[in-house]
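Residues in the sequence shown are numbered consecutively from 4, following this note's numbering.
Every residue gets a Cβ at the ideal spot worked out from N, C-alpha and C, and that includes glycine.
All remarks here apply to the structure that follows.
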Amino acid sequence: MAGFAGGAAVRQIILATRRLGWKGLVGRTNGGMIVHLGVVLLAVGVAASESYKTDRIFTMNPGETVQVQDHTFTYSGLAADRTTRRDRTFARIVIDNGPEYQPARTRYRQQGIVVGTPSVKPGITEDLYLVLDDVPTDPAGPIRLRVIIRPLIGWIWGGGVLMALGTLLAVFPGGKRRRGTEPVGVPAIGITTGETHPEGELVTTGESDIETPPQAGPTLGWERA
């Protein structure tokens, strides 16, 4: 169902842009199609991110590597960042031998609460979330790391952007439709005067033919007293 609705919306958008370029997207009809396409992307993204989510928890020592699906996660060690108001401890995690990510836990001294801050690696097909669940008192001790992989999260954001864009385009009026035929004007009819015509004769005026009524001739003879 989602594929059919998305395909129909894409087809309508392609036809509109092929005829009028980007101006074909302006208007209620094609703006609504963009909104529909955004709804499809958002729905597919939500369904996939919940149905195919991977959630794993590991206890890792410094230098240890774990694998989840096609990704590797290497724990390099702990680091700390302290201010007068809070103590922040974060783990250094290398994903796929690439950049380093730093999930953290922050303790606010005055309030006495601890807040976790995940580290996120976004992507087109999936997003990776790293959550530091537990911090050891000994920096050389093991940590408890939670790895979450959620596919198609980017589709949710993309669907929201398309919905906003389609709504904006639908506000502006589109091009006016052309009429199939132009109205035909009524030709003017002229009447020639100054001549006497026999009964029933047709007079041509250049635009149309009209029939002149019979005209009476001169009166002949004597009137009786």
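Residue nearest to Leu148 within the set Ile159, Asp136, Asp141 and Gly157 is Asp136 (criterion: CA-CA distance).
Contact check for Lys56 against Ile152 passes: the beta carbons are separated by less than 8 Å.
If you look at Ile156, you'll find it in the alpha helix (DSSP H) that goes Ile156 to Val174.
Put simply, of Ala83, Leu44, Pro145 and Arg85 the residue whose alpha carbon is nearest the alpha carbon of Met63 is Pro145.
A straight-line Cα-Cα distance of about 16 Å links Gly34 and Leu44. In this structure Arg95 does not touch Thr109 by the C-beta definition: roughly 16 Å separates them, more than the 8 Å allowed. Secondary structure at Val138: coil, using DSSP grouped into helix, strand and coil.
Linking Val42 to Gly163 through their CA atoms gives a straight-line distance of about 8 Å.
Taking a C-beta distance under 8 Å as the contact criterion, Leu131 and Val138 do not qualify as a contact pair. Per the C-alpha coordinates, the member of Glu129, Thr170, Val134 and Thr75 positioned closest to Val118 is Val134. For Ala143, the secondary structure class from DSSP, reduced to helix, strand or coil, is coil.
Taking the Cα of Gln113 as reference, the smallest distance to any Cα among Ile37, Thr87, Asp141 and Pro142 is reached at Thr87.
Rounded to whole angstroms, the separation of the alpha carbons of Ala82 and Ala143 is 11 Å.
Here Gly66 is exposed: its Cβ has fewer than 16 other Cβ atoms, across all protein chains shown, within 10 Å. With fewer than 16 other beta carbons inside 10 angstroms of its own, Glu53 counts as exposed. Ile37 carries a helical assignment under DSSP once its states are collapsed to helix, strand and coil.
Gly48 sits in a helix when the DSSP states are folded into three classes. In this structure, Pro106 keeps its C-beta atom at 8 Å or more from the C-beta atom of Glu129. Between Gly126 and Gly101, the gap from beta carbon to beta carbon reaches 8 Å or more. Put simply, the backbone Cα of Asp84 is about 32 Å away from that of Asp73. Residues of the same chain with a CB within less than 8 Å of the CB of Val38, apart from the 5 flanking positions on each side, are Leu165, Met166, Gly169, Thr170 and Ala173 in chain order. In the three-state DSSP reduction, Glu67 falls in the coil class, being neither helix nor strand. Under DSSP, Val123 shares a beta bridge with Tyr132.
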